[in-house]
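J.: Read in order, the letters of the sequence shown correspond to residues 783 to 1363 in the working numbering. Positions of the beta carbon are idealized from the N, C-alpha and C atoms, including for glycine.
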Amino acid sequence: MLREEYDLVVIGGGPTGLTAALAAASAGRTCVIVDATKKNQVQFSGPTGLFSKALRDASKKIDVGTLRKMGLKDVTVWKQVQELTSDIVKASGQSNLAAVQACRIPHLRGSARLMSSSEVEVTFTESNRSIPVRGKRILVATGSTPYRMPGIPYDQMRIFDSDTIRMLTFLPKTVTIVGAGIIAIEFAKIFSRLDCKVTMLVRAKSLDVALLRIGVDRDAALQLQKDLCMNKVRIIFDTEVEEVIKEESPRNANTVRPMRIKLRKASTKESQPHAEIRTEVLMTATGRSANTRGMGLEGLGVNMDKDGAILVNGNMETSVKGVYAAGDVLGAPSLASTGIEQGNAAVTHMFGFDSSSKSAWMLRTGGRDPKSLTANPLLYPVGIWTIPEMAFIGRTKEKAIDDGWEPEELGEGLAQYSQTIRGRVQGINLGFLKLLFSKPDGVILGVHILGEDACELIHYGTALAQSGKTVYEALGTVYTAVTFHELFRIAAMDAVRQLEVDAWSPFLTRLGLGEEETHNVQDVRKRLGEGGMSEDDCEEICRALDQRADQDEEREGTQVSFQQIMQVVQKYRIPKPWYAP
């Protein structure tokens, strides 16, 4: 039995809407969820990207190539893949449904249309019957849908977008993916692991362009592109689809006739008469758009941008008082994590809850609207479920320079997975962790990881970056042995070494060993000793300088230049009395 009026009506049963409803119910408010999940789909199953994560997991567990060599038919192999992905989706849905039921939140399966700022018309999915539902406040969390390219005959059988790909009913031998973003790359590697021949069609002239735009480190982007190529993913740049020609497969046949895809240059739009590829499956992943059509938002006076994304203030309230919005329906950054944070922020404001609490590492300052979130790269980490994983928080070097840092003020501490004990034990050669830091004070400005467990490791990186820790503090932390967290220590050690090298020049100048003239080796030894260097270090340095020095007949002893001194001493640590970060 529905109430006459609720404190909150939540439209959308994804992570954003679900979390907001649970937060309101946990605080003693009455709420109802209106969710338009289709009848044949699992309700409350999680984020849109859950299917790709489940398929990714299946691709790592099932060796399709080996199974084929053993004589298993593709139908049998694909059935196993489907069972694995289906189990994961069902388990997620059951868990979320249990949480909804535990909080006694009613949920209606149907579409919603706003009739006013306090009333929603719900049309049930099964019966097409409509009823009014009243609420003191309304939260729109309807998510987004993939952008569909004009001229491509999507059929949910062989031609898909990044959502409908979950309807694929067979294991293809060839897959073509249009796009260069995260979703396109995720699926390219997944299908490659499922022993499919994968081709990516990219409008840009390099893969890193799209990745740099969302904050991915350049080296990580280039390494990811290299790894795709090493895994036999064919990438065709400056190319887009001109025409798709489907050929129907014969009835009762076990084979699928490949489609013909005619290509053209993206930069000039010129047809390429001989440029054609054949593929069994085509998937497009070229962006997403907010789910706002047909909801009555325009008529109610809710402001939206040109792409249909809802505009909100820092409290997640729209231009109509009492109507809030959160998640992908707002546009960028379009992450499940930021959507959940936005949903919580909306509930906090609408009911006057305490908003002064701190996160684990930093004060929650500013709004959670898209403009506020995207303006500060330290507000949230990003995890990308490619194979291998990729994650980051904070600035890239390019972004830091754009924000006002001088190039010489920035440093990058690097650690390879192969440098860690665990990496050696597991035979991991691919992947790295990078700390971007400010040279004047050593403060960490960004953390970028490509490799195993990157999406887990980034949370410690978030702690470092959000709390303004330095590379010295990261180096001084005790890490559990034989873990990937050792990457932070190695990267911090590399960063500190760079800082010490940079500090040698002013240190030598303070000792009277300037750049303008040459210096007697014995005088160098004396001054370094006065500066706090040990006898052993001074002896080693002088021997090395003797080997590099030129003999000057007009002066007593061996003479060396400032540059020669620097080349030798930068391998040593500066004495602490002079250099104590």
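1. Could you tell me if Cys1011 is buried or exposed, where buried requires 16 or more neighbouring beta carbons within 10 angstroms of its beta carbon?
2. Is DSSP giving Lys1014 helix, strand or coil here?
3. Give the secondary structure of His1301 by DSSP, where H, G and I count as helix, E and B as strand, and everything else as coil.
4. Do Ala1107 and Val1094 have their C-beta atoms within less than 8 Å of each other?
5. Starting from the C-beta of Met931, find all residues in its chain whose C-beta is less than 8 Å away, skip the five residues before and the five after it, and write them out in chain order.
6. According to the neighbour-count rule (16 or more other Cβ atoms, all chains shown, within 10 Å of its Cβ), is Ile967 buried or exposed?
7. From the DSSP output, read off the bridge partner residues of His1230.
8. Which class does Leu1093 belong to by DSSP, given the choice of helix, strand or coil?
9. Could you name the residues of the same chain whose beta carbon sits closer than 8 Å to that of Arg850, not counting the 5 residues immediately before and after it, in chain order?
10. Are the stretch 939-947 and the stretch 800-818 in contact at 8 Å, needing three or more beta carbon pairs?
11. Considering only the beta carbon of each residue, do Ala1331 and Val1350 sit closer than 8 Å?
12. Is Ser974 helix, strand or coil by DSSP?
13. For Ala1002 and Val1015, I'd like the C-alpha separation in whole angstroms.
14. Mind checking who Thr1252 pairs with in its DSSP beta bridge?
15. Short check: CB of Ala1247 to CB of Gly1228, under 8 Å?
16. With distances taken from CA atoms, which of Val863, Arg1000, Val1264, Gln1007 is nearest Arg1206?
17. Alpha carbon to alpha carbon, what distance is there between Ser1049 and Leu770?
18. Looking at the secondary structure, which residues open and close the alpha helix (DSSP H) in which Gln1131 lies?
19. How far does the beta strand (DSSP E) with Phe942 in it reach, from first residue to last?
20. Once the 5 residues before and after Phe1344 are set aside, which same chain residues still bring their CB inside 6 Å of it?
21. Within a Cβ cutoff of 8 Å, which residues of the same chain sit near Thr1168, ignoring the five residues on either side of it in sequence?
22. Given a cut-off of 8 Å on the beta-carbon distance, is the pair Gly795 and Ile815 in contact?
23. Between the Cα of Ala993 and those of Gly1165, Leu950, Leu921, Lys918, spot the shortest distance and give me the residue it belongs to.
24. Spatial neighbours of Ser1101 within its chain, please: C-beta separation below 8 Å, excluding the five flanking residues on both sides.
25. Does the count of Cβ pairs from the stretch 1267-1280 and the stretch 1236-1244 closer than 8 Å reach three?
26. I'd like to confirm the pairing. Which residues does DSSP put opposite Ile1166 in its beta bridges?
27. In chain order, what are the residue ranges of uninterrupted beta strand (DSSP E) at least 3 long that sit wholly in the stretch 893-938?
28. Report buried or exposed for Val1303, applying the criterion of at least 16 other Cβ atoms within 10 angstroms of its Cβ.
29. Closest by CA to Pro797, which one among Gly875, Ser912, Met852?
30. Can you look up Arg1337 in the DSSP assignment and give me helix, strand or coil?
31. Here's the rule: buried if 16 or more other CB atoms are within 10 angstroms of the residue's CB, otherwise exposed. What is Lys1179?
32. Output the boundary residues of the beta strand (DSSP E) element that contains Pro1055.
33. Among Glu1080, Arg1177, Ala803, Ala986, which has the Cα closest to the Cα of Val882?
34. Shortest alpha-carbon distance to Leu1131 belongs to which of Gly1121, Gly1109, Met1098, Leu1161?
35. Report the three-state DSSP secondary structure of Ala1197 (helix, strand or coil).
36. Determine the contact status of Ile1272 and Thr1202, defining contact as a CB-CB distance below 8 Å.
T.: Reading it off the structure:
1. Residue environment analysis places Cys1011 among the exposed positions, since fewer than 16 neighbouring C-beta atoms fall within 10 angstroms of its C-beta.
2. Coil, per DSSP.
3. DSSP places His1301 within a strand segment (E or B) once states are collapsed to three.
4. For the 8 Å CB-CB criterion, Ala1107 and Val1094 form a contact.
5. If we look at Met931 and ignore the five residues flanking it on each side, its Cβ neighbours are Val960, Val1023, Thr1066, Thr1068.
6. Within a 10 Å sphere around the beta-carbon of Ile967 sit 16 or more other beta-carbons, which makes this residue buried.
7. Paired residues: Phe1174, Lys1216.
8. Residue state for Leu1093 is assigned as coil, using DSSP reduced to three classes.
9. Within the same chain, Asp856, Val859, Asp977 come within 8 Å of Arg850 by CB-CB distance, once the 5 residues on both sides are set aside.
10. Proximity of the stretch 939-947 to the stretch 800-818 falls short of the contact definition, fewer than three beta-carbon pairs being nearer than 8 Å.
11. The answer is no: Cβ separation not under 8 Å.
12. Taken through DSSP and simplified to helix, strand or coil, Ser974 comes out as helix.
13. Answer to the nearest angstrom: the Cα atoms are 17 Å apart.
14. Val1225.
15. Between Ala1247 and Gly1228, the CB-CB gap stays under 8 Å.
16. By alpha-carbon distance to Arg1206, the top candidate from Val863, Arg1000, Val1264, Gln1007 is Val1264.
17. A question about residue 770 goes unanswered here, because the residues of the chain that appear run from 783 up to 1363.
18. The amino acid at residue 1131 is misidentified as Gln; the sequence shows His. His1131 -> alpha helix (DSSP H) spans 1118-1132.
19. From DSSP, the beta strand (DSSP E) with Phe942 extends over 941-943.
20. Within the same chain, Phe1344 has close Cβ partners Glu1297.
21. So the list reads Ile964, Ile967, Glu968, Lys971, Leu1006, once near-sequence residues are dropped.
22. Contact: yes.
23. According to the sequence displayed, residue 993 carries Leu and not Ala. Among Gly1165, Leu950, Leu921, Lys918, the Cα nearest to that of Leu993 belongs to Gly1165.
24. Contacts found: Gly1083, Val1084, Asn1085, Leu1093.
25. The stretch 1267-1280 is in contact with the stretch 1236-1244.
26. Its beta-bridge partners are Met1172.
27. 901-906, 912-922, 926-928, all fully within the stretch 893-938.
28. Per the 10 Å Cβ criterion, buried.
29. Of Gly875, Ser912, Met852, the residue nearest in Cα terms is Gly875.
30. Unreliable placement is indicated for Arg1337, whose pLDDT of 49 sits below 50; no coordinate value is reported for it.
31. Result: buried.
32. For Pro1055, the enclosing beta strand (DSSP E) covers residues 1053-1061.
33. The candidate whose alpha carbon is nearest that of Val882 is Ala803.
34. Sequence check: residue 1131 is His here, not Leu. When each option's Cα is compared against that of His1131, the closest is Met1098.
35. In the structure shown, Ala1197 sits in a strand (DSSP, three-state: E or B).
36. Yes. Within cutoff.
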